[in-house]
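>
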Amino acid sequence: MLEVEAKFEIPEGGSPDDFTRACPAAGLELDPLETVEVVDTYFDSPDLRLRAQGQALRLRVSGHRRILGWKSLTPAGPDGISAREEEEFEMPEGPPPPLNPDLKPLFVVRQNRTQWQVQTGDGLRGEASWDEVTWEAKGGKFADRVLELELKDGNPEHFRKIASNLGEALGWPPATWSKYDRGLALAGHELGPG
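Counting in my numbering, the sequence shown runs from 516 upward without gaps.
Structural data, given as structure tokens:
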């Protein structure tokens, strides 16, 4: 499945209210918000074999749900929009299945996420999330905030226009980094193509 999302840097003093006030100018309607905690653990071999193949393996835990996911590492464009292949598998309750013993946790991404279902009057549907993020790795901890807008149903080019309108209404720059890139750097690995 293709995951298409836009990310925005949240400036000092930026708030979720800034986002909700900007939505009408971008053509977005919001459904009520919900808050969830998401913990992502990324795995790879010591020689970063998966990264070299342009992939990331992530175990996501949110509430009682555990989701194992493969993601391509296609970088975001200068507009902060990325289009990545992603496959996710819901894991049953109980002990997790064993992974290849060569795969070890690289870093953890903890997110306190406020999210809204969003739509446009012409049928585009998506999800917006205001993430308070903490990365944890052998290099320590790092915290930041990011606003994400993910396409759930609709035309990717129309989504690109809506995301551009939202960025203009907010006056916030696009975020061209990925959470994976930030975690990898904190774990002491070079960034750049896999």
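By construction, the Cβ of each residue, glycine as well, lies at the ideal position given by its N, Cα and C atoms.
Looking only at C-alpha atoms, which of G584, D659, P620 and V661 sits nearest to L563?
By one-based count along the sequence shown, residue 563 stands at place 48. The residue with the shortest Cα to Cα distance from L563 is P620.
> Report all residues from its chain with a CB closer than 6 Å to the CB of E481; omit the five preceding and five following residues, and keep chain order.
Nothing can be reported for residue 481, as the shown portion of the chain is limited to 516 through 709.
> Run through the DSSP bridge pairs and tell me what A658 is partnered with.
For this step, residue 658 is matched to residue 143 along the sequence shown. Its beta-bridge partners are T649.
> Helix, strand or coil: which one does DSSP assign to G669?
For the purposes of this step, residue 669 is taken as the residue at position 154 of the sequence shown. Coil.
> Who pairs with L664 in a beta bridge, going by DSSP?
To locate residue 664, count along the sequence shown from 1; it is residue 149. According to DSSP, L664 bridges with A521 and A643.
> If you draw a straight line from the C-alpha of D637 to the C-alpha of V553, how long is it?
Start at 1 with the first residue of the sequence shown, and residue 637 comes out as number 122. Start at 1 with the first residue of the sequence shown, and residue 553 comes out as number 38. One C-alpha to the other measures close to 31 Å.
> Looking only at its own chain, which residues have a Cβ that is under 7 Å from the Cβ of Y695, when we skip the five neighbours before and after it?
Translated into the one-based positions of the sequence shown, residue 695 becomes position 180. Only Y557, A571 and L588 meet the Cβ criterion.
> What does K694 pair with, by DSSP beta-bridge criteria?
The residue labelled residue 694 in the question sits at position 179 within the sequence shown. K694 is not bridged to any residue.
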